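For the sequence shown, this note's numbering assigns the number 72 to the initial residue and increments by one for each residue that follows. Each residue gets a CB set at the ideal place from its N, CA and C atoms; glycine is no exception. As the structure is a computational prediction, the values presented were derived from the model and not from experiment.
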Amino acid sequence: MTNAIGFIWDEKARAMRVQPDYARRAAAMFTNGYGYLLAPDRTPEDHKHMFALIRMAWENLPHHLAEEFPAPEALRKKALVKTGFYNEARIAHETEVDAIKTAAHAAQADGFALVSRRGTWVIVRTPKSQAQGAMDREEFRASKAALLAYVSDLIGVDVTTLQRQAVAA
């Protein structure tokens, strides 16, 4: 977030104060006397909600998917990769034998990685972290929407139904 500006809450003054390191950027971005809406990057409730929906979807997975997704964490991380929220490493080798060895090692090293090989190239995709500092609000919301669409499809319900069931639970 290159445009982020740090603030400190001043309880006594009941005001948000720009942190000194951000003063110049704030002066350029904001107009004196105007009101601005300060929204949290992401609420803990939003984060918990996503994890609850993933757990509910995992509990309702068809039996034939149990080995691929042995825990909610496996479902979430593998779904992140399959929906495009991953970090990618491409590793070139001189021989296909070396590429095969690297691919096998990479798959064992990270059980959530999607490892593929094309000739002498190995491509390793690992799930992006959804931690507060790792994803901004927009990317988190996009990843959450993609995950919910993916897991809803796996269990054969639409996203709205999954969300309604989670609220009722």
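Checklist entry - Can you tell me whether R161 is buried or exposed, with buried defined as 16 or more other CB within 10 angstroms of its CB? => result exposed
Checklist entry - Between K119, R113, A137 and R88, which lies nearest to Y107 when the distance is taken from Cα to Cα? => result R88
Next on the checklist: Between T154 and Y221, how many whole angstroms is the CB-CB distance? I'm expecting something under 8 Å.
Outcome noted: 5 Å
Checklist entry - Which whole-angstrom value describes the C-beta separation of T191 and A170, a residue pair presumed to lie in contact below a C-beta threshold of 8 Å? => result 5 Å
Checklist entry - Residue range of the beta strand (DSSP E) that V193 falls in? => result W192 to P198
Item to check | Rounded straight-line distance, which links the Cα of R189 to that of A150 | outcome: 22 Å
Checklist entry - Counting along the chain, where does the beta strand (DSSP E) carrying F78 start and finish? => result F78 to D81
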